[in-house]
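Residue numbers (our numbering): 309 to 747.
Here's the structure, in structure tokens; my notes come after.
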Ligand SMILES: NC(=O)c1ccc[n+]([C@@H]2O[C@H](COP(=O)([O-])OP(=O)(O)OC[C@H]3O[C@@H](n4cnc5c(N)ncnc54)[C@H](O)[C@@H]3O)[C@@H](O)[C@H]2O)c1
């Protein structure tokens, strides 16, 4: 083992290594906090000055991170934040947690990975370990990061510095599986890279799962998310088929879920949301297109899932029609805007498409979400109504898009004229009630 590796490993083992997290969002901030809690000196680097200000003031802007913990780590001098990438000059270990969205064309937007890598390359020094956490297509760590880091620094991977990929699996709002206890897959460019990265991560995370390469680690994440996307697509299509057949899809799913093996329960809904499931599989299909291969399951599931908001609006229109009303001019209250219950994450939420389509059909749309006070669409803005019960009473139809657990469903049921429930939020209490239309 060369001297720079053994010095780095020593610092990782005794937690005297200084580390940086690039990108302090839903993934980066919890990671920074977990390592600071384990005793490392952590600096977060993010171009968003508001986030930096908040952290340095001892505040958290992520639901899963406790503000008091940030304040305590700040006070203890374990956590700092800056917009200045020069901070990387003094660190031994760097996690990259920047966004990987899609462009308007549907192609991967790698600009955040590229810009953070360029900044990092300028500060790369011998004895450094770098882990990319952003979800991306297989080959990114080797093709984009490695080539840039070696070219700019003149250093050699596996000898002077260590590079690995470790996918993040955080599920916002979840409390049983968190950054600390979620098993963490780690694959290096070389064997030494994988070993150093696994050693580092095992200092603060409970279970590290080493794999043989960055490509295996990148692809494992895409398998996980594609599995989810395809199964959601399947169950959404089940909902469409059950509608044609006049069968309650929710009862079918509950019945199937009594099988003790070989079945995993997924539920239909108004469409996919969040930063991962609707997007990540498209990174894989994009990469495969360049190899003249069509990722058929991904394309099909994506088509079905993308059409769900339109299907929901059709159901609203039909339900109003049954009550002798047109969607045009009707008052529609959308309940819930976040992409899933009990969180404030609006990214890729189908609620935006549902509201946009309702507005296109000239409905008078209002919405309520206890976690999202304001919606900013390209073409319109809306404020959450103050009182959902009062708004439900006034509405011609209430459309449940997100089944937040703090809604008073029995009272909403009593006070609404008509409900389209895309999440089976009313469940048994609405059984047989003709004013509740389920997906
Ligand atoms: N949010 C999730 O639930 C989740 C789960 C698993 C994986 N991921 C993946 O993790 C990655 C990060 O996701 P996120 O949800 O934390 O995103 P986020 O948007 O919440 O946070 C990303 C942060 O990176 C910052 N940033 C942008 N450019 C930067 C740069 N050049 N250098 C440093 N920081 C920069 C942004 O200002 C932002 O604060 C994505 O690839 C995502 O797919 C997210």
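Glycine included, C-beta positions come from ideal geometry on N, C-alpha and C.
Within the segment 345-396, the runs of beta strand (DSSP E) that reach at least 3 residues and sit entirely inside it are, in chain order, 349-353 and 387-390. Look at residue 526: its beta carbon is at least 7 Å from all of the heavy atoms in ligand 1. Segment contact: the segment 500-510 against the segment 467-477, three or more CB-CB distances shorter than 8 Å; contact assigned. Separation of residue 375 and residue 361 (C-alpha to C-alpha, rounded to the nearest whole angstrom) is 13 Å. From the listed residues 380, 458 and 331, the smallest Cα separation to residue 420 is found for 331.
For the 8 Å CB-CB criterion, residue 405 and residue 329 form a contact. Across the structure, residue 415 and residue 736 are spaced so that their CA atoms are roughly 42 Å apart.
655 is the residue among 655, 693, 694 and 696 whose C-alpha sits nearest the C-alpha of residue 685. Boundaries of the beta strand (DSSP E) around residue 327: 326-330.
The C-alpha of residue 645 is placed about 48 Å away from the C-alpha of residue 464. Residue state for residue 309 is assigned as coil, using DSSP reduced to three classes. The Cβ-Cβ distance between residue 515 and residue 466 does not fall below 8 Å. The straight-line gap separating the alpha-carbon atoms of residue 509 and residue 667 is approximately 48 Å. Closest by C-alpha distance to residue 403, out of 428, 392 and 390, is 428. The beta carbon of residue 672 sits closer than 6 Å to the beta carbons of 639 from its chain, once the five residues preceding and following it are set aside; these are given in chain order. Within the same chain, and ignoring the five residues on either side of residue 564 in sequence, the residues whose Cβ sits closer than 6 Å to its Cβ are 571. Its Cα nearest to that of residue 496, the residue 522 stands out among 512, 481 and 522. In this chain, the beta strand (DSSP E) harbouring residue 674 covers 672-676. Comparing alpha carbon positions, the residue from 344, 367 and 407 closest to residue 384 is 344. Relative to ligand 1, even the nearest heavy atom lies 7 Å or more away from the CB of residue 351. The segment 657-664 makes contact with the segment 702-710: 3 or more CB pairs, one atom from each, lie closer than 8 Å. In terms of Cβ geometry, residue 319 and residue 350 do not form a close pair [threshold 8 Å].
A direct Cα-Cα distance of roughly 14 Å separates residue 441 from residue 352. Contact annotation, residue 492 with residue 517: C-beta distance approximately 7 Å; criterion of less than 8 Å satisfied.
In the three-state reduction of the DSSP assignment, residue 603 falls in the coil class. Within the same chain, Cβ atoms closer than 7 Å to the Cβ of residue 618 are found at 665, the five residues on either side in sequence being excluded. In the three-state scheme derived from DSSP, where H, G and I count as helix and E and B as strand, residue 645 is classed as coil. Shown here, residue 718 sits in a helix according to DSSP, grouped into three states. Linking residue 689 to residue 683 through their CA atoms gives a straight-line distance of about 5 Å.
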